[in-house]
Amino acid sequence: MEFQLLGPFAALHRGRPVLTGLRRQERCLLAVLALEAGGAVPTGRLIDLLWNGEAPAGARSTVHTYIGRLRAALGPDGVHVETRNDGYLLRPDGHVIDARAFEDGVREAAAAVGDEERVRHYDRALALWRGELLADVADPALRDRIGRRLAALRLSAAEERARLLLTLGRHEQVAAELPALAEEHPERERLVADSMLALHRSGRSADALRFYRSVSGTLRSAFDAEPGRDLRALYDRVRRDDPALRRAEAPTYAVRVRGEWLPWNTGGDPALEFCNTYAGWGGERLPGSEWLRGYRTLAVWAGHLDLLDDRTVTRLLRRAQERPEEASGVLEGAREFRSALYGCLVDGPGAGEGRDGGGGEGRGSGCGGSGGRSRDTAFARVAEVVQEAMRHAVFVRGDDGLGRWNPHPDAGLRLPLHAVAQRAADLLADPRRLTVRACPGKGCGWLFLDTAGRRRWCSLGVCGRREGG
23 MEFQLLGPFA
33 ALHRGRPVLT
43 GLRRQERCLL
53 AVLALEAGGA
63 VPTGRLIDLL
73 WNGEAPAGAR
83 STVHTYIGRL
93 RAALGPDGVH
103 VETRNDGYLL
113 RPDGHVIDAR
123 AFEDGVREAA
133 AAVGDEERVR
143 HYDRALALWR
153 GELLADVADP
163 ALRDRIGRRL
173 AALRLSAAEE
183 RARLLLTLGR
193 HEQVAAELPA
203 LAEEHPERER
213 LVADSMLALH
223 RSGRSADALR
233 FYRSVSGTLR
243 SAFDAEPGRD
253 LRALYDRVRR
263 DDPALRRAEA
273 PTYAVRVRGE
283 WLPWNTGGDP
293 ALEFCNTYAG
303 WGGERLPGSE
313 WLRGYRTLAV
323 WAGHLDLLDD
333 RTVTRLLRRA
343 QERPEEASGV
353 LEGAREFRSA
363 LYGCLVDGPG
373 AGEGRDGGGG
383 EGRGSGCGGS
393 GGRSRDTAFA
403 RVAEVVQEAM
413 RHAVFVRGDD
423 GLGRWNPHPD
433 AGLRLPLHAV
443 AQRAADLLAD
453 PRRLTVRACP
463 GKGCGWLFLD
473 TAGRRRWCSL
483 GVCGRREGG
């Protein structure tokens, strides 16, 4: 059974409505039980909610009658309302309840890795709302009593999603969506501020100023309040066209592919480019150090490096949406592999021990050398993933007539990881690995091949691109 609470109330069994013929109060009673599914709701509380503190004589008997009618309507479809002491309980087992799914989605968004991934979780969670809570069976007083927490969570999720979109540079999208919500909730200054910022960065500064004045008027008339200090300061900065508020320019060392920002290819080998999806190897983690913000970025990056074809990338992106937990696990595994691979390729203290295992002054060698036990551990980690990838590999003839090993589609969401693992194995078995160099710049540590011995170090925008005399 599917219970839809986030909008007009509905109970569906295999897509078929099952509440036809029931009175509004009976449907409201079921909605309250579904909202608190898994916990017994005392009869006294049900009476108080249904009649808003003004219950008629015989209300308890009426509730008992309602429960009987609900059992008759829902029992054939496997939904059971149980009597518990002086109350009733609806078991959530086997049922889909959109309010529960919304809360789960918000928790998943908070736990997701990467801004794009978090936005996708928030999008799915917020899309469950089809209107006000129990729009057709609850009056405003009841809705406030039973839905205040959900309403607050919905607003918080919308605020966080907007902030993430601004961080990702999607100002026009925020400007189109957020102001209407902010007008409904002028007391939520974060909504108002982000609406103004989005309008300003979308080239609509006049609209941002008008929006502020409109919200200020609403605050005065409805709440007898003035905008807060931060909001007043933002208004002044927009009015002065403060340069610090302007849209951040795209980084000069990045390209945009399928909506994802990826670092320039500077390494000269796919395995090195994979290491260069992190820029904190030098020991100082700066904002923007992590390029693999979500599984989507990992798959798009693999396609950009021609490790996977476009059709495969599209299929993986679709599958990742269907299996978000599995996708998150693959992403974490890819990051761990990247750290171990970096440790195999770079000399220096702590190599292979994590993200801070940066290189020395431009030195580089292979998995042997002075790294000792930590480098052996790094190689063992890399070898484990490489061997797994080879177990899922197929030998094919390329368009150039040469044979090559490709990852097998049955690797599923691990395809990008297997593809880069095969390229890593090729590099580690090639004398070219002895020419790998690492940039010693703070917040960098990118790797590249220096076969001529002339490549120099970076300002992150030109890492490994300058040549010495």
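Residue numbering for the sequence shown follows the working numbering, beginning at 23 and increasing consecutively.
Don't be surprised by glycine CBs; every beta carbon is placed ideally from N, CA and C.
ask   = At what residues does the alpha helix (DSSP H) containing residue 109 begin and finish?
value = Here residue 109 belongs to no alpha helix (DSSP H); instead the beta strand (DSSP E) covers 109-112.
ask   = Of the choices 300, 65 and 152, whose alpha-carbon is the least far from that of residue 105?
value = Out of 300, 65 and 152, the CA that lies nearest to the CA of residue 105 is found in 65.
key: Bounding residues of the beta strand (DSSP E) (the contiguous stretch that carries residue 35)   = Segment 32-35, the beta strand (DSSP E) holding residue 35.
request  = Could you tell me which uninterrupted beta strand (DSSP E) segments, each at least 3 residues in length, are contained entirely in the region 27-82, listed from first to last along the chain?
outcome  = List check, beta strand (DSSP E) in window: 32-35.
Where residue 130 falls: helix, strand or coil (DSSP) = Of the three classes helix, strand and coil, the one that applies to residue 130 here is helix, per DSSP.
Identity of the residue in 243, 242 and 217 nearest residue 231 by Cα = Ranking the options by Cα distance to residue 231, first place goes to 217.
query = Pairing CB atoms from the region 115-132 with CB atoms from the region 143-157, are three or more of them under 8 Å?
reply = Touching, yes.
ask   = Helix, strand or coil: which one does DSSP assign to residue 312?
value = Per DSSP, reduced to three states, the secondary structure at residue 312 is strand.
inquiry  = Can you tell me whether residue 110 sits near the ligand PLP, meaning its C-beta is under 7 Å from at least one heavy atom of the ligand?
reply    = Here there are no bound small molecules, and the ligand PLP is not part of this structure.
inquiry  = Three Cβ pairs or more, each shorter than 8 Å: is that satisfied between the region 176-185 and the region 136-149?
reply    = Note that the region 176-185 touches the region 136-149; at least 3 beta-carbon pairs, one per stretch, sit closer than 8 Å.
task = Give the straight-line distance between the Cα atoms of residue 295 and residue 36, rounded to the nearest whole angstrom.
result = Computed Cα separation, rounded: 48 Å.
task = Throw me the rounded Cβ distance for the residue 253 and residue 247 pair, which I believe falls under 8 Å.
result = So it is not a contact: roughly 11 Å between Cβ atoms.
task = With a threshold of 16 other CB atoms inside 10 Å of the CB of residue 291, please say whether the residue is buried or exposed.
result = By the 10 Å Cβ count, residue 291 comes out buried.
ask   = So what's residue 352 in DSSP terms, helix, strand or just coil?
value = Assigned with DSSP and collapsed to three states, residue 352 falls in helix.
ask   = Are the CB atoms of residue 362 and residue 403 nearer to each other than 8 Å?
value = In this structure, residue 362 places its C-beta atom within 8 Å of the C-beta atom of residue 403.
ask   = CA-CA distance, residue 439 and residue 433?
value = Looking at the backbone, the Cα of residue 439 and that of residue 433 are separated by about 9 Å.
message = Between the region 212-226 and the region 185-201, can you find at least three pairs of beta-carbon atoms closer than 8 Å?
response = Of all C-beta pairs linking the region 185-201 to the region 212-226, three or more are shorter than 8 Å, placing the two stretches in contact.
request  = Give the C-beta separation of residue 164 and residue 95 to the nearest angstrom, bearing in mind that I take them to be a contact with Cβ-Cβ under 8 Å.
outcome  = In fact, because the Cβ distance is near 22 Å, the residues do not count as touching under 8 Å.
request  = With residue 459 as the anchor, note down where its beta strand (DSSP E) starts and where it stops.
outcome  = That run of the beta strand (DSSP E) goes 458-460.
message = Let me make sure I understand the geometry here. Which of 297, 453, 436 and 112 has the alpha-carbon closest to that of residue 365?
response = Among 297, 453, 436 and 112, the Cα nearest to that of residue 365 belongs to 297.
inquiry  = My assumption, with CB atoms under 8 Å, is that residue 127 sits in contact with residue 147. Please give the rounded CB distance.
reply    = About 3 Å separates the CB atoms of residue 127 and residue 147; that is less than 8 Å, so the two are in contact.
request  = From the DSSP output, in three-state form, read off residue 357 for me.
outcome  = Three-state result, residue 357: helix.
task = Go ahead and pull the three-state DSSP assignment for residue 209.
result = Annotated three-state conformation of residue 209 is coil, per DSSP.
Straight-line gap, residue 313 to residue 352 (C-alpha atoms, nearest Å) = Spanning the alpha carbons of residue 313 and residue 352 requires a straight line of approximately 15 Å.
message = Can you give me the C-alpha to C-alpha distance between residue 80 and residue 74, rounded to a whole angstrom?
response = Taking the straight line from one Cα to the other gives about 15 Å.
request  = Classify residue 415 as helix, strand or coil using the three-state DSSP reduction.
outcome  = DSSP, read as helix, strand or coil, puts residue 415 in strand.
task = Assign residue 439 to one of three DSSP states: helix, strand, or coil.
result = Assignment of residue 439 by DSSP, reduced to helix, strand and coil, places it in the helix class.
request  = Buried or exposed for residue 5, please, with buried defined as at least 16 other CB atoms from any protein chain shown within 10 angstroms of its CB.
outcome  = The requested residue 5 does not occur in the structure, where the chain is confined to residues 23 to 491.
key: Which listed residue (192, 215 and 405) has its alpha carbon closest to that of residue 255   = Residue 255 has its Cα closest to that of 215, out of 192, 215 and 405.
For residue 104: DSSP bridge partner residues = Residue 104 is bridged by DSSP to 111.
query = Between 191, 187, 188 and 234, which lies nearest to residue 205 when the distance is taken from Cα to Cα?
reply = Nearest neighbour of residue 205 by Cα position, chosen from 191, 187, 188 and 234, turns out to be 234.
request  = Confirm, please, whether the CB-CB distance from residue 69 to residue 49 is below 8 Å.
outcome  = With respect to residue 69, residue 49 sits apart: the two C-beta atoms are not nearer than 8 Å.
ask   = So, using beta-carbon positions, are residue 71 and residue 171 closer together than 8 Å?
value = Against a cut-off of 8 Å, the Cβ pair of residue 171 and residue 71 comes out as no contact.
request  = Could you check how far apart the C-beta atoms of residue 437 and residue 338 are, in whole angstroms? I think they sit under 8 Å.
outcome  = Correct: roughly 6 Å between the Cβ atoms.
key: Status (buried if at least 16 other CB within 10 Å, exposed otherwise) for residue 131   = Buried is the call here.
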